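Throughout, my numbering is defined as the position within the sequence shown, counted from one, plus 1.
Ideal Cβ positions, reconstructed from N, Cα and C, are used throughout, including at glycine.
All values reported here derive from a predicted model rather than from experimental measurement.
Remarks on the structure that follows.
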Amino acid sequence: MPLNINGQTKLVGLIGYPVEHSLSPAMHNSAFTALGLNWCYVPLPVPPERVGEAIAGLRALGFVGANVTVPHKEAVMAYLDHVTPEAQAIGAVNTIVVREGRSIGYNTDWHGFLTALNEGGFDPHGKRAVVLGAGGAARAVVYALAQAEAQVTVLNRTPARARALVQDFSPLFPSSSLLSLPLALQTLEEQTAEAHLLVNTTPVGLWPEVDQSIWPEDLTFPSHLAVFDLVYNPRQTKLLQQARAAGAKAIGGLGMLVHQGAAAFELWTGEKAPVEMMYEAASLGIRN
Ligand code: ATR
Numbered sequence: 002m003p004l005n006i007n008g009q010t011k012l013v014g015l016i017g018y019p020v021e022h023s024l025s026p027a028m029h030n031s032a033f034t035a036l037g038l039n040w041c042y043v044p045l046p047v048p049p050e051r052v053g054e055a056i057a058g059l060r061a062l063g064f065v066g067a068n069v070t071v072p073h074k075e076a077v078m079a080y081l082d083h084v085t086p087e088a089q090a091i092g093a094v095n096t097i098v099v100r101e102g103r104s105i106g107y108n109t110d111w112h113g114f115l116t117a118l119n120e121g122g123f124d125p126h127g128k129r130a131v132v133l134g135a136g137g138a139a140r141a142v143v144y145a146l147a148q149a150e151a152q153v154t155v156l157n158r159t160p161a162r163a164r165a166l167v168q169d170f171s172p173l174f175p176s177s178s179l180l181s182l183p184l185a186l187q188t189l190e191e192q193t194a195e196a197h198l199l200v201n202t203t204p205v206g207l208w209p210e211v212d213q214s215i216w217p218e219d220l221t222f223p224s225h226l227a228v229f230d231l232v233y234n235p236r237q238t239k240l241l242q243q244a245r246a247a248g249a250k251a252i253g254g255l256g257m258l259v260h261q262g263a264a265a266f267e268l269w270t271g272e273k274a275p276v277e278m279m280y281e282a283a284s285l286g287i288r289n
């Protein structure tokens with residue numbers, strides 16, 4: 002943490018509810034310190050009914066920006082002066098920049114996902130992907146996969162939610178290259194047989210439920226299938242272990258956290274983010 006908070010210190014914060022277990026304060030404060038920036042990142046717990054006041058408060062208090070996390074990524078959009086077309090398309094803002102008194106909403110999650118996927122050694126360009134889940138995280142992933150010109154099938158426990166996602170995103174895909182199906186053993190088996198990439202956007206496997214996996218125990222994991230699990234705590238989820246045991250490429254979600262943060266850092270500061278330092282700081286807060 003920066004030790005010398007003074008009249009020149011620039012403030013950024015994390016708007017969410019709850020926020021006390023977030024790794025972002027440690028990650029960003031380490032990055033500020035590494036670059037010798039007199040900046041400070043503070044957790045800002047905001048209950049749902051006070052999101053509008055919180056955004057007005059950012060401006061009133063002279064914050065230069067913020068991150069936004071669960072459950073406010075959609076709700077903040079109504080209170081910002083401008084939302085980028087990317088964030089509009091995804092339907093969520095995870096980064097706010099306050100510039101000359103105006104609040105601008107960005108989404109860096111999708112970029113964080115693509116960067117982490119590439120860093121993990123998988124280039125999704127033109128590939129077939131199966132996305133598990135149809136919530137906010139899935140929307141950033143599907144947007145990213147559209148940018149990579151991948152073909153996508155969304156499998157979700159609640160089929161109507163997956164259908165709604167597909168309806169929203171189909172303008173970004175060539176016809177019939179974005180589909181939705183119910184999440185079931187048969188659809189999982191059939192869809193992954195033809196796919197190159199499986200992305201888990203559900204919270205299944207998240208600590209403390211570390212013995213859970215969205216991949217059924219009695220279904221052989223295909224060795225040709227690369228896996229990206231957005232869950233990063235624990236670092237080695239059960240799903241990643243199943244993939245590795247089958248000899249498949251397995252990429253954990255920590256890289257997405259770090260790279261969405263790095264992109265936000267660069268929007269706020271205009272400086273190149275110290276990604277290695279951010280990995281180190283975030284790693285301290287997770288289980289292996
Ligand atoms: P986020 O913003 O992190 O994506 P979310 O909007 O709550 O969170 O979405 C979570 C997703 O994980 C949803 O698609 C949810 O499925 P439903 O739409 O059926 O609720 C999915 N999910 C959560 N727990 C799950 C479980 N145990 N098995 C399968 N899917 C699950």
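Apart from sequence neighbours up to five positions away, the residues of its chain that approach P46 with a beta-carbon distance below 8 Å are G17, Y18, P19, V20 and E21, ordered along the chain. A distance criterion of 8 Å places the beta-carbon of K74 in contact range of the ligand ATR, judged by its closest non-hydrogen atom.
Every unbroken stretch of the alpha helix (DSSP H) spanning 4 or more residues and falling wholly within the region 54 to 109 is given here in chain order: 86 to 91.
In the DSSP assignment, K11 forms a beta bridge with W40.
Note that the region 223 to 241 does not touch the region 34 to 48; fewer than 3 beta-carbon pairs, one per stretch, sit closer than 8 Å.
With a threshold of 16 other beta carbon atoms within 10 Å, H197 meets it and is buried. Remark: C-beta atoms of V232 and G262 do not approach each other more closely than 9 Å. The DSSP-derived three-state label of S31 is helix. Taking the C-beta atoms as reference points, A139 is found nearer than 9 Å to L133. In this structure, the ligand ATR has no non-hydrogen atom nearer than 8 Å to the beta-carbon of G248. I97 has its Cβ no nearer than 8 Å to any heavy atom of the ligand ATR. In the three-state DSSP reduction, V131 falls in the strand class (E or B). Taking I56 as reference, the option from D169, P160 and G102 with the minimal CA-CA separation is G102. Assignment of G253 by DSSP, reduced to helix, strand and coil, places it in the coil class. With contacts defined as CB atoms closer than 9 Å, V99 and Y80 fail to qualify as a contacting pair. Per DSSP, reduced to three states, the secondary structure at F222 is coil, with no helix or strand assignment.
T154: not part of any alpha helix (DSSP H); member of the beta strand (DSSP E) spanning Q152 to N157, first to last residue. Distances from the CA of L207 to each of L182, E218, L240 and L186 were compared; the closest alpha carbon is that of L240. Between G127 and A149, the gap from beta carbon to beta carbon is short of 9 Å. Residue pairing of G17 in beta bridges, as defined by DSSP: P46.
The C-beta of H73 has 16 or more other C-beta atoms within 10 Å across all chains shown, which makes the residue buried. In the three-state scheme derived from DSSP, where H, G and I count as helix and E and B as strand, S284 is classed as helix. Taking the Cα positions, A246 is about 16 Å away from Q213. Residue range P160 to F170 is occupied by the alpha helix (DSSP H) that includes F170.
Between the alpha carbons of I6 and L38 lies a gap of roughly 11 Å.
For V71, the distance from the CB to the nearest heavy atom of the ligand ATR is below 8 Å. Distances taken from the Cβ of N39 to the heavy atoms of the ligand ATR include none shorter than 8 Å. Comparing alpha-carbon positions, the option among P125, N119, G137 and N30 lying closest to E281 turns out to be N30. From the listed residues P160, A161, F170 and A117, the smallest Cα separation to V143 is found for F170.
Rounded to the nearest whole angstrom, the CA to CA distance from W111 to S25 is 17 Å.
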